[in-house]
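These notes concern the structure reproduced below.
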Amino acid sequence: MSAVDWLSSRGRNQTVERRVAPGVNADAGLIRTTGTGTIGEAADRLVAAIEANEKLKLVARVEHSAAGANAGLDLAPTVLVMFGNPALGTPLMQAAPTAGIDLPQKILITELDGELVTFHNDPAYLAERHGVPSEAPQLSIVAGALQNLANVAAGV
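The sequence shown maps to residues 1 to 156 in the working numbering.
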């Protein structure tokens, strides 16, 4: 069962979709959540939620659009927030060291067609990618936590 199916079966936010940005393969393992407010507000909400959770560690807040501007290039407001829970991520990396390429977790916040959207990796996709058993208990916990954080960022 994919994380999207798992979340949907539990009546979570109905904005969870397996739809991605134009040109991105729908099988790329991304989950999209639509929201409200500005990109900065969404990133601030997300960072605050991460910092308020003693189990989570904020790794970085990457302002892609600001970096582009510093290079003299225009980019729609885009922020990547990286964070993790070592108690959940470490066992996944013990089971499959290559999972470290996709950890820590990330949520991308951007605007598409005038709409605030967040993207995060589907843990079920990552498990398949790295050969982690699909019944690993961490997967459902990570899926729920990621969607909850995406909802906070999206303001829904």
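No residue lacks a Cβ here, since even glycine has one placed at the ideal position from N, Cα and C. From a predicted model like this one, the values you see are computed outputs, not experimental measurements.
How big is the Cα-Cα spacing for residue i and residue j?
| i | j | result |
| --- | --- | --- |
| residue 11 | residue 144 | Residue confidence for residue 11 is low, a pLDDT of 36 falling below 50, so the modelled location carries little weight; the figure read from the coordinates is stated next. Taking the straight line from one Cα to the other gives about 12 Å. |
| residue 3 | residue 136 | Any reading at residue 3 must be qualified, since the residue scores a pLDDT of 36, below 50, and its modelled position is unreliable; no value is offered. |
| residue 98 | residue 127 | 10 Å |
| residue 115 | residue 34 | 7 Å |
| residue 41 | residue 73 | 23 Å |
| residue 64 | residue 109 | 10 Å |
Say the cut is 7 Å; is the CB of residue i nearer than that to a heavy atom of the ligand SAH?
| i | result |
| --- | --- |
| residue 103 | Ligands displayed in this structure: none; no statement on the ligand SAH is therefore possible. |
Under the rule that 16 or more other beta-carbon atoms within 10 Å means buried, what is residue i, buried or exposed?
| i | result |
| --- | --- |
| residue 101 | exposed |
| residue 36 | exposed |
| residue 150 | buried |
| residue 105 | buried |
| residue 7 | Below a pLDDT of 50, predicted positions are generally treated as unreliable, and residue 7, at 33, falls in that range; the measurement from the model is reported next regardless. When all chains shown are included, residue 7 counts as buried. |
Given a cut-off of 8 Å, decide if residue j and residue i are closer than it, judged by their beta-carbon atoms.
| i | j | result |
| --- | --- | --- |
| residue 118 | residue 107 | yes |
| residue 139 | residue 123 | yes |
| residue 152 | residue 71 | no |
| residue 155 | residue 45 | yes |
Can you tell me which residues form a DSSP beta bridge with residue i?
| i | result |
| --- | --- |
| residue 105 | 83 |
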